[in-house]
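Before any comments, here is the structure.
Residue numbers (the working numbering): 406 to 557.
This is the structure in C-alpha cells:
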C-alpha cells in the first residue's frame, strides 16, 4: 500500500525569519566573550576618534558649555571592600553623569561639526550603560590573561 505524501508550502521569507529568530534567541553572551574579544573592546573604544573629531571642530567653533566630569579618583582599599553590585552602581552613576553632560552639550552646540561626534559619544556612553544595567554579568572571579588565551 502506497502512503500518500503531502507537502506543506512555507513562504521562504517566513522560513528565513524563523531561522534568524531562533539564532538570535538562542544566543547567550558571556562576559569572557566581551572581555577577551579585542575586536569588541576596540569597537566600543571610540575615545581617540571622538577626540580627533572634536579637536578639528574647536578650530571652527567653540564649545560654549563645560561638561561636568565624574570623579575618577579611586581609593583601592575602599573599592576592594565594595560588593560587585556597589561597584556597578558607582560606575553607572558616573556614566549617567557623563551621559547627561554630553547630552546637554550636544543640545547647546550649533553646527554639525560638533553635534555629530557628541552624538556618537552620547550613544557610546549609552551602550556602556546598557551593558552594565541589562546584561546579567555574574563573574565570580577576575578574568585573567590566561583565561583569554584559553578562550581563543
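From the three backbone atoms N, C-alpha and C, an ideal C-beta is built for every residue, glycine too.
Predicted model only: the values in this text are computed from it and were never measured.
| Check | Outcome |
| --- | --- |
| Indicate the three-state DSSP secondary structure (helix, strand or coil) for residue 506 in the structure shown. | helix |
| Over the uninterrupted alpha helix (DSSP H) stretch that includes residue 471, give me the two end residues. | Unbroken run through residue 471: none, as it is neither H nor E. |
| Quick check on the burial criterion: 16 or more other C-beta atoms within 10 angstroms. Buried or exposed for residue 514? | buried |
| For residue 461, which of 516, 527, 529, 531 has the nearest alpha-carbon? | 516 |
| Taking Cβ positions, are residue 502 and residue 475 nearer each other than 8 Å? | yes |
| Does the beta-carbon of residue 486 have 16 or more other beta-carbons within 10 angstroms, so that it is buried, or is it exposed? | exposed |
| If you follow the alpha helix (DSSP H) that residue 488 is in, where does it begin and where does it stop? | Element bounds for residue 488: n/a, residue is neither H nor E. |
| Between residue 471 and residue 447, what straight-line distance do the alpha-carbon atoms span, to the nearest angstrom? | 27 Å |
| Pick helix, strand or coil for residue 539, following the three-state DSSP scheme. | helix |
| Return yes when the Cβ of residue 507 is within less than 8 Å of the Cβ of residue 527, no when it is not. | yes |
| Cα-Cα, which of 519, 499, 504, 452 is closest to residue 459? | 519 |
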